[in-house]
Structure formats: structure tokens, C-alpha cells
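Student:
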Ligand SMILES: Nc1ncnc2c1ncn2[C@@H]1O[C@H](COP(=O)(O)OP(=O)(O)OP(=O)(O)O)[C@@H](O)[C@H]1O
Ligand SMILES: [Mg+2]
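Protein chains in written order, with my numbering: chain A, 64 to 313; chain B, 43 to 525.
Here you go:
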């Protein structure tokens, strides 16, 4: 019983073929790392999975938790437990972070048939998790992502993941822009969340992150396909040699 | 009394889109359609008015006849036939009411449906209400408590009888009869509205609020509000408006006058939710309103806050005349248009006194095929040394078929004054919507969240109970505009 099953997907944007037959299976309890050169389509894959407009497949199938993922709208996918930590989190001026988190959490809880949290209950829970991410209360009063530093944005993404308790979390370069301490904080957050019933896909350029979040599989996305898959040692080879020998035109 | 079954079913049928769209069946006394001297005399005699007021009305009527309907605003609507309107409609009352218990229960029910219980025990603590139904004020609550403080809060028709000297002194002193076409019309035919007087050194102990409701078909509503705050007094006044859903357009042409004496402060908040017409542009209220405040005394302050979501056509520019030295004028506005709604709204700040200050924050949101125009004038007269204005106009577009326009006029007649103007236009970006949706929010919740964020600077100026209502309204009025 897999959480995610991607079957031979193809996608073009403006006549440019970006994914040319990608397949991937993710089981509960697994951590998959996706690496690959800039522009190889890693973020594109995350957008396809999360249902962004403009990223409709030309062919292929995707099953999430045994449901046809492509039948679901973006918000339904989130409700069902698919979470994306954005490579570039979006600013929402005037929308207080605390309110935003509460809206999101209550929608998810409603879907899971749990009762909505009242304001106090929610604030308590949010603050507890926020402090584990070293996010100050003061930051939660500010507008979503507005004026957050690069590292703060990434920690805020992981806070959202923790609050929403997804089945599948896709982390798109959550490590980029993080200092050494923040990298540990974020990795701790992910490791605490990870369990036998959920799964994580980490998209990254750096082996460094994979020392903290140890993957079961590493895949190299290049030239529109998964060129190579392996264990954690594959990331170490890439770190040393780059993509030479794996990618056609590197 | 007419059975209430129809009313109830009308309410049940009302779509959630415009939940105030029901009408109430009441025994009503109406003047025949049309406008002439006799109608004006009829209104005046119905209200048992003194002669000076009848003369004042008739004068306004003659002036109006000579005036032309203004066409400079960026709004389009078919010509209004002013002879096809009832200028007076009143729920029939057998005798003068002594207490709320004697108000027609149908009327009380209507207000309850609107979420405005008039029953004092059940009322939100700390808000006194004057309810205006078509042409007349039907109930004013908490009057005794207010009277103890010397605060007068009553229908203006009553103030004409009980405090004629105040009415005579201030009526038309801020908005002259001939100020514009609609103010002249209003002066001729106004039927009711609220009157507020806050004596020296009194901070009004509760929020005062008026709910306007147009109910009868083919009826115009011409209310007149007059608020006077004496030295160092303070009042916060709330105004809410709704109307039934009807296919034909209805006219609303109000005049609001505010007077602030030395160190006095007036906060005037409006949540305007007149029926906006359906998604094809049929029906809805024409809202042509003249609102103006005069900061007569030194250091006085007038602050307008408005959230405008309703009406099919809105023409409205709450303004401040800053006469007293160091007086302050503020204008905070959210105007939302959807479907075929048109809004041409803004403000005028006239700086006359020394060291006067004004702030304008306008947030225009357009969706559907609507048109949203901000028109603002900042006038710094020669006498207004060291005065300052700050203006910020932000427009937000939802979809590709709507439009937003910003038209600032700045007349600065002296050099030692500071006028700043900032304007932005943005669209709700796909990226923002997607980010919210990825967190599980549906299109409407996401839009409402982003729009409320956009309006935050204005929303925080609203009194608490109003802010919650206004936030919901923003969500409702944008329903169906995305996705
Ligand atoms: N909306 C779009 N319009 C046009 N081209 C696009 C669009 N989205 C993605 N692309 C193109 O698709 C390719 C893959 O982009 P993507 O962002 O998925 O790469 P990536 O692997 O995440 O790269 P990076 O490592 O730099 O983050 C790029 O060539 C990019 O320019
Ligand atoms: Mg990327």
C-alpha cells in the first residue's frame, strides 16, 4: 500500500517538454530525496503533485493514498494530507500568521472529523510548536511571510507542516539559505514528524541535509526522467563528482 | 395586521448571497408618486413641521428644479424618473408610541432578522439604535440612559419639535441646500434620519447606531442625519443599511452633516450593504449620498470609516472641512464592487485652519465586471499654514474584467504645507491563491483572507462588533468572483 504512486507522467509547458516519463513509488515510513541540476523539473514535480494551475499532465497517472490525485483540487489534496513546503514561500500582506495557521489547521481538522480548536487552544498549540522551531510569538503576529528572513520563511513552512500533520510532506529546497543551526532545527522538526504512517520527499541540492534527514532512497531527476536511483551513498557521489556521468549534457 | 407567513417564506427563499433581501408586509401609508409643491407640503404637514422648515424645503425644491443631474462621476445608469418615486412611505401607526412595546411586532421581527434586536434587554450592551424604516424612524433605544448624560439621540423629525433652535442653527450649515443636485433634492423631501447632540465635556457613554432599511417598492429614501458635538465632547456613531432584493432600482439620497466644536471628536462608521443588484446587473440601490463634517473648533477631529459593499451605483464622498486650527480629518474606506456594480467614491479634505492634518486611506477592491473609482480632493487654502495631508490609495483587482481608477486632485495654495500621495494597483496573484489553497483553504476563503488582509488598515478603525460583520460581508460580496 503506497502513499504516492506516480506512473509515467509527462508534462510540457509552452511546448517545452519538461517531464518525459517520470515514475516514483513512495511507501509509508519512507524518506525519498530528489536531486538534480537546476531547471531539471524538481519544483515542477512538486507543483504537479500539489495541483497548481498550469501544471496539467499530458499523460500519466498519480495515486495518492489510493485515490486518483488528479481528480482533486489543490485544496482537497491538502485536506487529504498532501503538504508542500515551498521553495519560495509567498507573502500575504495584512494576513496575520496566527490567523492563517488557525484557518488552515481548522480546515484540516474538519476534514479529519476532529472538532475545531477554539482560539485559546489553538494559540497554545501553535506557540508550543513554534518555539520548537525557534519561532518567536512576535513573528506569529506579523503578516504571513512579509519581511521574514529567508531562514524564517523556511522555519515557518516547517511549522505549518507540523501543525497540519500531513500524510506526505514535500520539502522543496527547505535547506537552502539556512545557517548551520537552523538546518538542525528544521531537520529535527522533520525527523520528529516522520513516522511509520507518513512519508517525506525532500528536494535538495546538498548532501549536507541528508546527514540529518537520512533518506531511504535518492533519485536523480535530469533530462525529464529519473536518471538514477539509489541509497544515501548516491548523494555522496553527487556531492563529490557533480552530475557528470549521470546527466547527458552536464 | 397582515399575516407574516409570506414574510417568513420570503426570508427562507432568500439566497445566502444577499441575506437581507426579504421584504416586510406592513400596513403602509404612502404619498402618491411624484414630486411637486403639494407633496412637499404633505410631508411637512405629516411631520407637523414649523413654517420655517416648510419654507426651507420649498426653497430647496425651487433650487433643485433649476439644477442639473451631475454627470462627471464615472458611473453609468439609466436616467432616473424623479416623478416615478414615492417620496413618503410610513408604516401606519395608530397613535404616538410611548415605548418600544407599542412598535408593530412585524417591524421588530424585521429588525431581528437583520440582526438588530431593538428590544433593550436583548441588545448588545453599549449600543443605542435608531431604526429608520422607509421614511420614518420607528424606534430609538436607550434614550433615557442617554438623556441622563444630556445626550440627545432621536429621530430628526422629533428634534425639529423638541429642539428647534439647534436644528435651525445647524441644518444645512455643513452641506448647503444647493451644494449638489442630490443635496437639494434631499433638503426638499427628507423624511427622517437621526439627530445627535453631545453637550460640552460629555463623552457619549455608548456607541450610537442607526439602521436604515428601504422596504417599500418604488420608494426613495432621503434621510437626513445631523450630529453636533460641543466642546471636548466625543461620540462614535455607526450606520448600517440594507434593502430588499427587487428587480427595479431604488433611490437613496441621504445627507449627513457633522459639526465638531473645540476639542470635540466625532467618529462616524458606515457599513453599507444596500442590495447591489443581481449577477446580471438587474436591480439594486442607487446610492447618492452627501456626507460632510465641519471641524469648526480648534483641535477638533472628524473621522470617517466606511466599508461599502452594496448598491448598484454608489456616488459618495465623505468630506471634512478643517476650519479650526490644528483640527484633524480622517477618511478610511474600503469599497468593494462585484458583478456590474459601479462605485465612484472618495473624499474631500479642505484645509483652512493653521496646522490642520488629514489622512486618507482608501482600499478599492473590484471583481466581476465592476468599476471602482477613487476620487479624492485635497485642498490647502492660503490660511492653512503648516498643514499636512497623507493619502494612500490602493486598488486590488480580482479577475480581468473589472477596473479601478484613482483620480486625485490636489490644490495647494501655499508652500509651507506638506501633501503626500501614494497609489498602488495590484491583483490577487495566482501565487497567493495557490499558497492558501495548498494549505487547504478553498477559493472563497482564500480570497476573503487575502482581501481582508489588504483592507486591514481600514478594518482596524471599525468598532469591534462592526468589524466582525464587515469581514463577513467582504467574504459574501466576493462570492463567486474567483474559481
Ligand atoms: N510556468 C512556467 N513557465 C515557463 N517555464 C516554466 C514554468 N515552470 C517551470 N518552467 C521551466 O521548467 C523547467 C523546470 O523548472 P523547475 O523550477 O521545476 O526546476 P528545478 O529543478 O526546481 O530547478 P532549481 O533547482 O533551480 O530549483 C525550467 O526550465 C523552468 O524554466
Ligand atoms: Mg526548484
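Every residue gets a Cβ at the ideal spot worked out from N, C-alpha and C, and that includes glycine.
Can you check DSSP and say which residues form a bridge with residue 159 (chain A)?
Tutor: Beta-bridge pairing links residue 159 (chain A) to A:206.
Student: Please return the same chain residues whose Cβ sits closer than 6 Å to the Cβ of residue 165 (chain A), not counting the five positions on each side in sequence.
Tutor: So the qualifying residues of the chain are 185.
Student: Closer than 8 Å by C-beta to residue 136 (chain B): which residues in its own chain qualify, once you throw out the five before and the five after it? Chain order, please.
Tutor: Its pLDDT being 45, under 50, residue 136 (chain B) is placed unreliably in this model, and the value from its coordinates should be taken loosely. Closer than 8 Å at the Cβ level, and outside the excluded window around residue 136 (chain B), lies no residue.
Student: Evaluate residue 510 (chain B) with the Cβ neighbour count: other Cβ atoms within 10 Å of its Cβ, from every protein chain shown; 16 or more gives buried, anything less gives exposed.
Tutor: exposed
Student: For chain A, check one thing: does any of its Cβ atoms lie closer than 7 Å to the Cβ of residue 436 (chain B)?
Tutor: no
Student: At a threshold of 6 Å, does residue 105 (chain A) count as lining ligand 2 (C-beta to nearest heavy atom)?
Tutor: For residue 105 (chain A), the Cβ falls inside the 6 Å cut-off from some heavy atom of ligand 2.
Student: Compare the Cα-Cα distances from residue 182 (chain A) to each of A:161, A:174 and A:193 and report the closest residue.
Tutor: Comparing Cα-Cα distances from residue 182 (chain A) to each of A:161, A:174 and A:193, the minimum goes to A:161.
Student: Label residue 177 (chain A) either buried or exposed according to how many other C-beta atoms from any shown protein chain fall within 10 Å of its C-beta, with 16 as the threshold for buried.
Tutor: exposed
Student: For a contact meaning CB atoms closer than 7 Å, what does residue 115 (chain A) contact in chain C?
Tutor: Chain labels in this structure do not include chain C; the protein chains are A and B.
Student: Can you check whether the CB of residue 313 (chain B) is closer than 7 Å to the CB of residue 270 (chain B)?
Tutor: no
Student: Along the region 121-141 of chain A, where does the CB come closer than 9 Å to a CB of chain B? Name the residues.
Tutor: Cβ contacts with chain B come from 136, 137, 138, 139, 140 and 141.
Student: Spell out the partners DSSP gives residue 359 (chain B) in its beta bridges.
Tutor: Note: residue 359 (chain B) sits in no beta bridge, so no partner.
Student: If we ignore side chains and look at the alpha-carbon of each, how far apart do residue 155 (chain A) and residue 224 (chain A) end up?
Tutor: 18 Å
Student: Does any residue of chain A bring its CB to less than 7 Å from the CB of residue 464 (chain B)?
Tutor: no
Student: With DSSP run on the structure shown, which of helix, strand or coil describes residue 100 (chain A)?
Tutor: coil
Student: Compare the Cα-Cα distances from residue 121 (chain A) to each of A:74, A:142, A:275 and A:84 and report the closest residue.
Tutor: Of A:74, A:142, A:275 and A:84, the smallest CA-CA separation from residue 121 (chain A) is found for A:74.
Student: How should residue 216 (chain A) be labelled, buried or exposed, when 16 other C-beta atoms within 10 angstroms of its C-beta is the threshold for buried?
Tutor: buried
Student: Which same chain residues, not among the five before or five after residue 173 (chain A), have their C-beta less than 8 Å away from its C-beta?
Tutor: 179
Student: When we look at the beta-carbon of residue 422 (chain B) and count the other beta-carbons within 10 Å, is it buried (16 or more) or exposed?
Tutor: buried
Student: What residues from chain A crowd round residue 492 (chain B), counting only those whose CB sits closer than 7 Å?
Tutor: 155 and 158
Student: In or out: residue 248 (chain B) buried (at least 16 other Cβ within 10 Å) or exposed?
Tutor: buried
Student: Is residue 279 (chain B) closer than 7 Å to residue 307 (chain B) when the C-beta atoms are compared?
Tutor: No, the pair does not count as a contact, with Cβ atoms beyond the cut-off.
Student: By how many angstroms is the C-alpha of residue 80 (chain B) removed from the C-alpha of residue 231 (chain B)?
Tutor: 11 Å
Student: Cα-Cα, which of B:267, B:252 and B:216 is closest to residue 237 (chain B)?
Tutor: B:267
Student: Within the chosen definition, does the region 492-501 of chain B reach the region 184-204 of chain A through at least 3 CB pairs nearer than 8 Å?
Tutor: no
Student: Which stretch, first to last residue, makes up the alpha helix (DSSP H) that contains residue 206 (chain B)?
Tutor: Element bounds for residue 206 (chain B): 206-212.
Student: Are the CB atoms of residue 217 (chain B) and residue 332 (chain B) within a distance shorter than 7 Å?
Tutor: yes
Student: Can you grab the Cα-Cα spacing for the pair residue 240 (chain B) / residue 390 (chain B), in whole Å?
Tutor: Taking the straight line from one Cα to the other gives about 25 Å.
Student: Alpha carbons only, please: which of B:397, B:477 and B:371 is nearest the one belonging to residue 344 (chain B)?
Tutor: B:371
Student: Would you verify that the beta carbon of residue 335 (chain B) is, or is not, closer than 7 Å to some beta carbon of chain A?
Tutor: no
Student: If the cut is a Cβ gap below 7 Å, which residues of chain B does residue 167 (chain A) touch?
Tutor: 481, 482 and 483
Student: Quick check on residue 205 (chain A) - is its C-beta less than 7 Å from some C-beta in chain B?
Tutor: At a cut-off of 7 Å, the C-beta of residue 205 (chain A) has no neighbouring C-beta in chain B.
Student: Taking three-plus beta-carbon pairs below 8 Å as touching, is the region 230-249 of chain A in contact with the region 95-109 of chain A?
Tutor: Yes, since at least three Cβ pairs between the region 230-249 of chain A and the region 95-109 of chain A fall closer than 8 Å, the two stretches touch.
Student: Taking only runs that begin and end inside the region 213-238 of chain A, name each unbroken alpha helix (DSSP H) of 4 or more residues, in chain order.
Tutor: Within the region 213-238 of chain A, the complete alpha helix (DSSP H) runs of at least 4 residues are 213-227.
Student: Taking a Cβ distance cut-off of 8 Å, strictly less, list which residues of the region 493-512 of chain B are near chain A, in chain order.
Tutor: 494, 495, 496, 497, 498 and 499
Student: Could you give the residue range of the beta strand (DSSP E) that holds residue 415 (chain B)?
Tutor: 413-422
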